[in-house]
Amino acid sequence: MSSLPVKIEVQGKWIAAKLALDAEGMKSSDNTLAVQYKSIVDLEAKGSVLSIVIKGQKDPIRIASVAKVLSIVKRQILASCSAYRLSTFFMSPAVRGGVFVKDANWEKGGIAVLVSGIWFFSKDHQICVPMDDVASIEMTKREVQGKNIDVIKIDHIEESDVVTSLVLCPITTLQVLYNFLKESTKGMDMAGNELDPQSAQVAMLVYSGMDTASIENMLNVSQRDVDHIYDVLIKQGLAEVVVTRREVKLTTKGVRYISDATKV
Amino acid sequence: MGKILIVDDTLFMRTLLKNILFSGGHTIVGEAENGEDAIAKYQELKPDLVTMDVVMPKKNGIEALQGIREIDPNAKVVMCTAVGQEQMVKLAVKSGAKGYIVKPFQAPKVLEEVKNVLGA
């Protein structure tokens, strides 16, 4: 049984404690925390804080510690909690921002689908893809050891990057996992014919990081046209406003200031 | 910063790449819209790097990559494919591609990859 230094949030205060992990659950040295892994239905990690949601309890249990300790706790929870879980190989990230990640390798581990996210976990890594950040899930093929093999491709947002992760397991379980993941994220599905060709081009340019002025130049359209297309994208829930730029012109006082400032 | 030749059969993608690479301080020395044109322009312009679409008329991107590598074994070519054509990665790498980009792509990552390949 390992005993790990953590801080546990108790009534808004962080209390230092030792956390003991055994095969069935975890328990703190001061008895403020005793949890069976099977009762855990969700797990979230933000920085150095783990939020653990117990079935039937509204407020999560929050544990803070250093990355190495949290990694051990996460791995133990993911391997035993109440979740859709199966053994897989995964590669995450495989592609970032459209560029292949050069040192990406298949890792042997598991996938656990919890309420708020899809977790990949192996001996060395635990990677969470929050459900809200899943952009697409599809079955595709990849060459693995010289053979074309079915894999699940998950596109997700990580900070501002669009990242692709791949999951590989036997075809029987892969199809079940695919159906489960599609069902978990079906709120994001679209028919694919919501945009006219020009709006789709604008969406593609926004994806690539082009600003409004570049988009106007590239498509040879007016600012008013681009604004209209932005409205369509926003209305469809495909885009959100991050910056409202103002255009100004100088007053007479402003012109006088500039004229004075440039006098020799 | 490098002199770059952009090869893609669609004007939209060439314009997009041109904008991204130009914003990163690179010089676009030329554009080609098929594999044959790409080989001819490579010989003529001697760019530091080529971005090469895979599916193109006349000669495809892999054939053009091989043609360019015959002229210059040290040529730096970054392949660029659409989603679903990632199966070509291994063949492209085997043929001497130095990098691989999948459409759609994000400008900062493309610039990072181009910088890495130019510096390699």
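Same order as they appear, the protein sequences are chains B and E.
The opening position of the first sequence corresponds to residue 1 in UniProt numbering, with each subsequent residue numbered one higher.
The opening position of the second sequence corresponds to residue 1 in UniProt numbering, with each subsequent residue numbered one higher.
All C-beta atoms in this analysis are idealised placements derived from N, C-alpha and C, irrespective of residue type, glycine included.
Keep in mind that this is a model prediction, so the values were computed, not measured.
| Check | Outcome |
| --- | --- |
| My output table needs one value for Lys67/E: the three-state DSSP class, helix, strand or coil. | It should be pointed out that residue 67/E corresponds to Gly in this sequence rather than to Lys. Helix at Gly67/E. |
| On the criterion of 16 or more Cβ atoms from any shown chain inside 10 Å, does residue 268/B qualify as buried, or is it exposed? | In the structure as shown, chain B begins at 1 and stops at 264. Residue 268/B is therefore absent and cannot be evaluated. |
| Classify Asp53/E: buried if its beta carbon has 16 or more other beta carbons within 10 angstroms, exposed otherwise. | buried |
| Would you kindly work out how many angstroms separate the C-alpha atoms of Lys141/B and Ala34/B, rounded to a whole number? | 44 Å |
| Output the boundary residues of the alpha helix (DSSP H) element that contains Lys59/E. | No alpha helix (DSSP H) holds Lys59/E; DSSP gives it neither H nor E. |
| Please report whether the beta-carbon of Gln76/B lies at a distance below 9 Å from any beta-carbon of chain E. | no |
| For the alpha helix (DSSP H) holding Ser60/B, just list the boundary residues, first then last. | Going by the sequence as given, residue 60/B is Pro instead of Ser. Per DSSP, Pro60/B belongs to no alpha helix (DSSP H) and is neither H nor E. |
| Tell me whether residue 304/B sits in a helix, a strand or coil according to DSSP, three-state version. | Given that chain B is displayed from residue 1 to residue 264, the structure contains no residue 304/B and the question cannot be resolved. |
| Excluding the 5 residues preceding and the 5 following Gly258/B in the sequence, name in chain order all residues of the same chain whose CB lies nearer than 8 Å to its CB. | Checking the displayed sequence, the identity of residue 258/B turns out to be Ile instead of Gly. Contacts found: Leu250. |
| Would you mind stating whether residue 125/E and Leu45/E have Cβ atoms separated by less than 9 Å? | Because chain E here runs from 1 to 120, residue 125/E falls outside it and cannot be looked at. |
| Per DSSP, which one or two residues make a beta bridge with Trp119/B? | Ala112/B, Cys128/B |
| If we ignore side chains and look at the alpha-carbon of each, how far apart do Lys186/B and Ala135/B end up? | 11 Å |
| Pull up the distance between the alpha-carbon of Asn148/B and that of Val129/B, whole angstroms please. | 26 Å |
| Can you check DSSP and say which residues form a bridge with Ser87/B? | Gly110/B |
| How would you list, in chain order, the residues of chain E whose beta-carbon sits under 8 Å from the beta-carbon of Lys141/B? | Gln87 |
| DSSP puts Asp161/B in a beta bridge; with which residues? | Glu158/B |
| Measure the beta-carbon distance from Ser165/B to Ala94/B and round it to whole angstroms, keeping in mind my assumption that it falls under 8 Å. | 6 Å |
| Can you check whether the CB of Gly99/E is closer than 9 Å to the CB of Val117/E? | yes |
| I need the boundaries of the beta strand (DSSP E) containing Lys103/E, first residue and last residue. | 99-103 |
| Can you give me the C-alpha to C-alpha distance between Ala16/B and Pro5/B, rounded to a whole angstrom? | 7 Å |
| Assign Val66/B to one of three DSSP states: helix, strand, or coil. | coil |
| Between the segment 99-116 of chain E and the segment 95-107 of chain B, do three or more beta carbon pairs fall short of 8 Å? | yes |
| So, is Gln57/B buried or exposed, given that buried needs 16 or more other C-beta atoms within 10 angstroms? | exposed |
| What residues from the segment 180-211 of chain B come within 9 Å of chain E, judged by C-beta to C-beta, listed N to C? | Gln201, Met204, Leu205, Tyr207, Ser208, Gly209, Met210 |
| Please compile the residues from chain E whose C-beta is within a distance smaller than 8 Å of the C-beta of Gly98/B. | Ile101, Val102, Lys103, Pro104, Phe105, Gln106, Lys109, Val110 |
| Where are the alpha helix (DSSP H) runs, 4 residues long or more, that stay fully inside the segment 187-239 of chain B, in chain order? | 197-208, 212-219, 223-235 |
| Taking the alpha carbon of Ile71/E as the reference point, which residue from Val89/E, Tyr42/E, Met79/E has its own alpha carbon closest? | Tyr42/E |
| On the CB-based measure, 16 or more other CB atoms within 10 Å of its CB, does Lys18/B come out buried or exposed? | exposed |
| Any C-beta of chain E within less than 7 Å: which residues of the segment 214-233 of chain B qualify? | Ser214, Met218 |
| Got a sec? Which residues, its chain only, sit under 7 Å from Lys153/B by beta carbon, not counting five neighbours each side? | Glu138, Thr140, Thr164, Leu166 |
| How long is the line joining the alpha carbons of Glu113/E and Lys3/E, rounded to whole angstroms? | 15 Å |
| What's the gap between the Cα of Gly61/E and the Cα of Glu143/B? | 20 Å |
| In three-state DSSP terms, what is Glu44/E? | helix |
| If the cut-off is 9 Å on Cβ atoms, which residues from the segment 158-182 of chain B count as contacting chain E, listed in chain order? | Ser160, Asp161, Val162, Thr164 |
| Just curious, the alpha helix (DSSP H) that Ala82/E is in, first and last residue? | Taken as a continuous stretch (DSSP letters only), Ala82/E belongs to no alpha helix (DSSP H), being part of the beta strand (DSSP E) at 77-82. |
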